[in-house]
Amino acid sequence: MRLLRAIKHTPMILVLLFILIFLTPMAIFSPGENKNRAVVTAVGIDKMDEQYEVSFLTFIPTANQTYKETNSVISGIGNSVAEAVYEAQLSLGREIGLSHAKTTVVNESLFEEDVTSCLDYLSRIASLSENTIFICTNSSAKEFLKASQSLDDEVGLKLEQLINYNATNIYVSDTSLDAFYKGYYGPEKASIVGYLSLESGQGDASNSPNSEQSGSGSASQGSSSQEGGSASGSGGEEKKQILNKGETILVKEGKLAQKIDDEILNGINLLNADARNQTIHIENVNDELYDNDDLTYTIKNKKVHVSTRFENGYPIYCANVIVGVRLDEINNNGRAKEINTEFSKITPIVEKMIKDKLKSQFSNALKVLRQNKTDVIGVYQTFEKEDRKNFQNFLQNLPDSDDFLSYITFQLVIKVQTE
Amino acid sequence: MKESISSRQLGVLCAVSIFANKILLLPSLLYENAKSDGLFVVGLLFLVDLLILFSFFHLKKKFPVQSFKEILIYFFGKIVTKVIFLAFAVFFMFKVFLIYSTSFIYLKQQVYQGEFAILAIICVLPVINHAALTGLRSMARTIEMFFYIVAFGFVLCLAISTLTYKSSPLFFTSSLGDFASTAFRHIFSFGDYLFLFLIIDKVTLTQKDKKRVLKYVFFAIFLVLILFFLFYSLYQITAFMHNNALSDILIFSVVFNAVGRIDIIAMLTIMFLAIFQMELFHYCFCDAFVNFLPKLNKIFAIVTFDIFFFIVYLMLIGKYENMVIQVEVWLPYLTIMLNYLLPLLLGLFSFKKKSVKNQQIIPNDEEKREEKGMSEEVKI
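As they're listed, the protein sequences go chains A and G. For the first sequence, counting from 1, position 256 maps to 488 in the numbering used here; every step adds exactly one. For the second sequence, counting from 1, position 73 maps to 81 in the numbering used here; every step adds exactly one.
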C-alpha cells in the first residue's frame, strides 16, 4: 500500500521501476564485452600483390593467476583495408575495437604510393585514434607485430615504450599519426615518421647489422641475453628481431622521400631546443690539454633563438644556438690522461671543432631536406608567423614554391659552453 | 515570486548554457572554413551575445515583475506572441537535439562502440523530463550543486593540455567572407542568454546580482576561449579531424595517450554538462510550449517533446551529420530572429514606452499560468 501511495505521489518511480525491471536483467544476462569485442593494441598494414593485409595485435583478457597477458596477432587479407579488417574480424570471431590501439605499423612498400589511402578507412571509419604512434618498417608489418609480441613476452618491453623512448630522445618530435597528418595536410606536405627495422637474427648480437655500426651510437633491442623481439614460429622458422637504430623516414605527400640516419636526424634537431642528450664525437684534438685525443661530448642543454628577415626579397633564417655540453669520454689511445671529465674546460680548439661538427651536421641535414623538398623543421611556419606578407610574395615569385627551402639563406651562430 | 531562483543559480545556468554545443564539435566545424580564426568567430559571437545579456538586464529593469508573455503581448499583441513562443519552442527543441547528438556521438566513440540509441534515450529522456516537470528551482539547485565539480573537471582538462602546448596557431589566414559565413552558419550554437527571457519573472536582479551573474558569464566565456585556443594550438592543421575538442586536447600527447583512459576526466565533465544543458533547454521548450498553447499543461509539453524526439530526431534526422546540416542551413535564420532581432525590438520598444514597474500588464495572467502548472512546482 505504501509503495502504491508513493507511486501515486511521484510517478517518476514508475520510470525507475521500468528501467530496473527491463534493463537490469539485460545487463546481468548479456555476455561480457570482451566476448564480442577484441581489444587491439597495435595495427599493422601490408600490401602484397595489390591486396592489403591488416594485422592486429590483440589483447584477450582471460582469468589467470599470473600477470601475463594473452596477446595474439590476427590478420585478414582483402582488396581494400576495410575488407581486410572484415576478414580479420571473421578469423577472430569478434568485433575489433581500435580505441586502445597505441601503435600503427606500416610496411615500407606502402609508402611507395600515398600512404594515406590505406589509413583513411581506419582513422575515419574504424575510430583509430590519431594519437597512435605511427611507424614504418622494412619488413612485413605482421612479422613486426609478432616480434613486438615476443619482445613483450621475453623482456617485458612494450612496443609503445620503445617508441616513446625514441620519440623523446631520438626523434624529439611528435611521431604520432596526427603529427603525420599535420605535415601531410600542411603547406609543407612533409612529415617525419619513425622507422624500426626488422632483421633476421641468429641469437647473436654480433651478427646484427646494428653491431656493425656500433660506432655510430645506434642501439639494439638487447644483447645476446636480451634479444629483441623475435618473429619466431615453431620449428625452423627464422628468428627476426626489432632493431632500433634511431632511423626515421622523410615523407613527402604521403610517399617515402628518403630514409635518414641518426646523424642527419641530429642535424635536423639542432634547431630543436628540446633535442638533448645527443653525442658529439670529435677526433684528434690537439691543444694545451689534449694530445691527439678523441673526445665524446653530450648535449645537456640547449637554447635556440630564431629570427627572420628579408633581404632583396629573399628570406634569411637566423638561428642563435647556445649548446651546453658535458665531456663524457676521452679516448687517448691507451695513454694515461689525468683530466677530470666533469670539470674540464672547453678550450678554443675544442669549441671550434664542436661548432664545425654541429654546422656540418646541420648542413648535411639541410642538403637532404632541400633535395627532398621536405621542410620538417618548421621554417615555413616561422616565416608565416613572423612576416607572412613578404613570405607569400617570395613564394609566388619562385618557379617551384615547393622548393622554397633551397632559396632560403640560413645563418647559424653556435655558442658552446659547459653544461 | 513563484519558483524564483537566486542570482548565483542564474549565473550557474548562464555558464552551463555558454558551454552548450561549444566544447565538442564546434571548434572542429569552425576550423573547416575559418581555420584558427574560428577563435575570433567565437569571440565575436560571445561579444554580440553579451549585448543580448545587457538588453535582458535593461528589459528586467523596465519590467521587474512581469512575465515574458506579458511583455510580448504588451509590445506585439497576442497573435505575434504566440508565433514567437512557437519559434522559441522549436529553437530550444533543436538545441536539445544538437546537444544530444554531439554527446551521443562522443560517447559512442569513447565508450560504446555499437549502436546504443535506445539505451541513451532511456537514460536521457526520463532525466530531462523529470527535471522539466519539477521546475526551475530544483533544477537550478541541482546544477548549482554539481557546477563546481564540472568547472573543476573543465579546468583540469585545460590544465593538463597546457603541459603539451608548443606554439600558438596561425591566425588571420581566412578571408573576411569565410569568417562571416562561418559565423553565420554556426550562430545556432550561440544564443546562450535567450533562456533568460523565458524566466524573466523568476529572477530578481539588483546591481550586485548582475555583477554576480556577469562573474559566472565571464568565467565560462574565458574557459571556452582558452579551450578553443588550446585546441587550435595543439592540433593546428588537423583540427578539422578532431570532433571532441575537450576530450581530444587531453590525449593530444603520445605520453598522455599512453596513460590509461585519462580522458575519463573530460568524459565525466561532458556527460554532466550535456545532461544539465538538455534539462535547461527542455524546460525552456516546455515553458514556450505552454505559452504557445495555454490550454495544455506542462505534462502535455513533455509528452509532445518526447514524441517529437522520436519522430523528428530519431526518424527524420537520425544521424548527427544530418543534425549538423540542419544547424548550418535553416536554424541560423531562426537564431538571428530570436536571439538578435527580438531583443533589439524589445530594447527599442522599451526605450520608447514608459516603464511599467510593479504593474500587472495583463490581469490574471499569472493566475492562468499557475493553473497550467508552469509557475509553481508541479505536484502530481
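Using N, Cα and C, we set each Cβ at its ideal position, and we do this for glycine too.
Proximal residues to residue i (C-beta, below 8 Å), its chain only, five neighbours per side dropped
| i | result |
| --- | --- |
| Y284(A) | I277, D278, I309, G310, N311, S312, V313, E315, A316 and C350 |
| K591(A) | L644 and I646 |
| A23(G) | F155, A159, Y224, V225, F227 and A228 |
| D314(G) | L133 and N137 |
| D200(G) | C22, S25, I26, A28 and D57 |
| V557(A) | I512, Y529, T530, I531, K532, I578, I586, V648, Q649, T650 and E651 |
| Q244(G) | S44, P177 and L178 |
Residue i versus residue j: straight-line alpha-carbon distance, rounded
| i | j | result |
| --- | --- | --- |
| D634(A) | K487(A) | 15 Å |
| R269(A) | V119(G) | 13 Å |
| I239(A) | I310(G) | 19 Å |
| F76(G) | A399(A) | 60 Å |
| C131(G) | D217(G) | 35 Å |
| Y348(G) | F288(A) | 53 Å |
| S539(A) | F642(A) | 11 Å |
| V50(G) | K617(A) | 22 Å |
| C550(A) | V536(A) | 10 Å |
| E674(A) | K491(A) | With chain A represented from 233 up to 651, any question about residue 674(A) goes unanswered, as that position is not in the structure. |
| I60(G) | F293(G) | 20 Å |
| L339(G) | M331(G) | 10 Å |
| D494(A) | P547(A) | 29 Å |
| A437(A) | Y397(A) | In this prediction, A437(A) scores a pLDDT of 39, lower than 50, which makes its location untrustworthy; the coordinate-derived value is nonetheless stated afterwards. Spanning the two alpha carbons is a distance of roughly 21 Å. |
| G454(A) | A167(G) | With a pLDDT of only 35 at G454(A), under 50, the local geometry of the prediction cannot be trusted, and no value is derived from it. |
| V221(G) | F291(A) | 51 Å |
| L324(A) | K421(A) | 37 Å |
| R234(A) | G143(G) | 26 Å |
| G85(G) | L127(G) | 44 Å |
| S457(A) | I496(A) | With a pLDDT of 33 at S457(A), under the threshold of 50, the predicted position of this residue should be treated as unreliable, though the coordinate-derived value follows. One C-alpha to the other measures close to 31 Å. |
| L141(G) | H290(G) | 10 Å |
| D519(A) | N596(A) | 28 Å |
Simplified DSSP state of residue i, which is helix, strand or coil
| i | result |
| --- | --- |
| G310(A) | strand |
| K487(A) | strand |
| S12(G) | coil |
| N552(A) | strand |
| C22(G) | helix |
| Y39(G) | helix |
| L236(A) | helix |
| H250(G) | coil |
| F71(G) | coil |
| K535(A) | strand |
| A252(A) | The sequence as given places Leu at residue 252(A); Ala does not occur at that position. Three-state DSSP puts L252(A) in a helix. |
| H66(G) | helix |
| V247(A) | helix |
| S262(A) | coil |
| H194(G) | coil |
| D619(A) | coil |
| A274(A) | strand |
Proximity test, residue i beta-carbon vs the ligand PLP heavy atom, cut-off 7 Å
| i | result |
| --- | --- |
| L430(A) | For the ligand PLP, the structure offers nothing, since it holds no ligand at all. |
Cβ distance (whole Å) where residue i is taken to contact residue j below 8 Å
| i | j | result |
| --- | --- | --- |
| F105(G) | Y321(G) | 5 Å |
| S173(G) | S241(G) | As written in the sequence, residue 173(G) is Tyr, which differs from the Ser given in the question. Confirmed, about 6 Å. |
| I402(A) | I500(A) | Not quite, the Cβ-Cβ distance comes to about 11 Å (not below 8 Å), so this is no contact. |
| D45(G) | F248(G) | Contact doesn't hold; Cβ gap of about 14 Å is too wide. |
| K374(A) | V305(A) | 6 Å |
| K68(G) | L213(G) | 5 Å |
DSSP bridge partner residues for residue i (one or two, in chain order)
| i | result |
| --- | --- |
| F542(A) | P547(A) |
| G558(A) | A quick correction: the sequence has Arg, not Gly, at residue 558(A). Paired residue(s): T530(A). |
| E479(A) | Y427(A) |
| L644(A) | A551(A) |
| R269(A) | E327(A) |
| A422(A) | K484(A) |
| Q283(A) | M280(A) |
| Y432(A) | Note on identity: in this sequence residue 432(A) is Ser, with Tyr being the wrong assignment. Answer is K472(A). |
| H513(A) | T528(A) |
| L61(G) | Paired residue(s): none; L61(G) is not in a bridge. |
Same chain, Cβ closer than 7 Å to residue i, neighbours up to 5 away in sequence not counted
| i | result |
| --- | --- |
| P419(A) | Y612 |
| L502(A) | V553, L590, Q593 and F594 |
| V517(A) | D525, L527, I581, V582 and M585 |
| F297(G) | A97, A309 and T312 |
| I191(G) | Rather than Ile, the amino acid found at residue 191(G) in this sequence is Ala. The residues are V49, L52 and L53. |
Same chain, Cβ closer than 6 Å to residue i, neighbours up to 5 away in sequence not counted
| i | result |
| --- | --- |
| S638(A) | R602 |
Chain-ordered neighbours of residue i on chain C, where CB pairs are closer than 7 Å
| i | result |
| --- | --- |
| Q17(G) | Chain labels in this structure do not include chain C; the protein chains are A and G. |
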